[in-house]
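Heads up, my numbering is the position in the sequence shown plus 109, with the first residue counted as 1. By construction, the Cβ of each residue, glycine as well, lies at the ideal position given by its N, Cα and C atoms.
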Amino acid sequence: MTSSQKSTPKAKCLVEKASLTNAPSRADLAAKTAAINALPSAITRSQAFVANYRKATAKGSPTLILLHGSGGNETSLMDLAAKAAPGSALLGIRGRVVQDGVNRWYKRVTPTTFDQDDIRSEANAFAKFMASAQKDYGIDLNNAIYLGYSNGANLLAALSFLHPDLVQRAALLRPMMVLKSLPDVNLAKDSILAVAGKNDATYGRFAPGLADALRNKGAEVVGQTVELGHLLGEADVSVVKTWLASMQKNQDVPVATASASAE
């Protein structure tokens, strides 16, 4: 064995040691992540909401008002809603915000924190839209039920607190609490379904907190967990369908009216 060959293992150890020494620490990685999250986002905002309306094919069926998740649009929840409530009228609505090319309902700061002023502003805009939508589409909001997924579910939850006369019956799929402070409201008229994903590593842990906050304000909340991640599946159809059937049996549940006075 030559002298150069004998030195190879030692040289390799030195290289490995140097690589380990230069590896970024957890603090470095956290700082880089924070720096990325702090970068300004490209945001555009439409003046009006885009909607897609499908008339009911079954007499006496409710109208389902659908709010998509991040990256979705006014048709994203149509198939799920049609399976869960066959024959019902469907009104799919698209959020006005586009952040970094993704359709949203309000501005995101990090994956789990959100611009509080923007949530309230967009909630107000949505309430005004619904006040006119009932006339534009001939919708009876006394027979309407809201269905939202992820970002859309979170706006609906916020609306329950901020505009309690508007959203009183809602199915929230993969929701979390997005408001940092809550108004003093009575949600005793509300019936809410909250469906978390058992394998939803990022958002699943937040669903119980939202359910508790709604209950603390008087709402009747049915909490369910499905064997899925953040994405929707047939298990969601089944859970929503069962909950909707319970709503139809309980005709005494007070329902929402659009508030034209939303500011």
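Review point. Who are the near neighbours of Asn260 in its chain, counting only those whose CB is closer than 6 Å to its CB and skipping five residues on each side?
Key: Gly178, Ser179, Arg213, Trp214
Query raised in the report: According to DSSP, which residues form a beta bridge with Gln208?
Result: Ile152, Val211
- Item | Residues bridged to Glu329 (per DSSP) | Ser300
Straight-line Cα distance separating Met356 from Lys326
20 Å
- Task: Please name the residue or residues paired with Arg217 in a DSSP beta bridge.
- Result: Phe223
Using the beta-carbon count (16 or more within 10 Å), is Gln156 buried or exposed? exposed
Using only alpha-carbon positions, find the residue among Leu340, Ala236, Ser170, Gln225 that is nearest to Ile202. Ala236
In chain order, each alpha helix (DSSP H) run of at least 4 residues that lies wholly inside the segment 178-208
187-193
Kindly identify the DSSP beta-bridge partner or partners of Leu175. Gly201, Leu256
Cβ-based burial, Ala144 [other Cβ within 10 Å; buried from 16]: At Ala144 the pLDDT is 49, less than 50, meaning the model places this residue with poor confidence; the figure from the coordinates comes in the next sentence. Classification of Ala144: exposed, given that the 10 Å Cβ count is below 16.
Discussion item. Let me check understanding here. Comparing Cα to Cα, which of Thr351, Leu353, Val346 lies closest to Lys192?
Written reply: Val346
Three or more C-beta pairs under 8 Å: does that hold for the segment 313-326 against the segment 258-275?
yes
Sub-8 Å separation of Tyr258 and Leu200 beta-carbons:
no
**Asked** Straight-line CA distance for Val294 to Gln208?
**Response** 31 Å
* **Cβ-based neighbour list, Leu296, same chain, cut-off 7 Å, excluding 5 preceding and 5 following** => Ser269, Pro273, Leu323, Lys326, Gly327, Ala328
message: What residue range does the beta strand (DSSP E) around Ala167 cover?
response: Neither: Ala167 is in no beta strand (DSSP E) and is coded neither H nor E.
task = Grab the span of the alpha helix (DSSP H) containing Leu353 for me, first residue to last.
result = 343-358
Could you say which of Pro317, Glu336, Ser300, Ala160 lies nearest to Leu353 if we only look at CA atoms?
-> Ser300
**Asked** Taking the alpha carbon of Thr153 as the point to measure from, which residue in Gly210, Pro292, Lys164, Leu291 has its own alpha carbon closest?
**Response** Gly210
- Item | Under 8 Å between C-beta atoms of Asp224 and Val218 | yes
* **Nearest to Gly313 (by Cα), restricted to the options Met286, Val331, Pro292** => Met286
Inter-residue Cα distance where the pair is Ala167 and Leu176
22 Å
Check your understanding: Going by other Cβ atoms of all chains shown within 10 Å of its Cβ, with 16 needed for buried, is Asn263 buried or exposed?
Key -> buried
Proximity below 8 Å, CB of Val276 to CB of Val304: no
**Request:** Would you mind sorting Leu340 into buried or exposed? The rule is 16 or more other CB atoms within 10 Å of its CB.
**Result:** exposed
- Message: My parser needs the beta strand (DSSP E) runs of 3 or more residues fully inside the segment 262-321; what are they?
- Response: 278-282, 300-306
request  = Go ahead and label Ser241 buried or exposed: buried means 16 or more other beta carbons lie within 10 angstroms of its beta carbon, across all protein chains shown.
outcome  = exposed
| request: Give the secondary structure of Ala160 by DSSP, where H, G and I count as helix, E and B as strand, and everything else as coil. | output: strand
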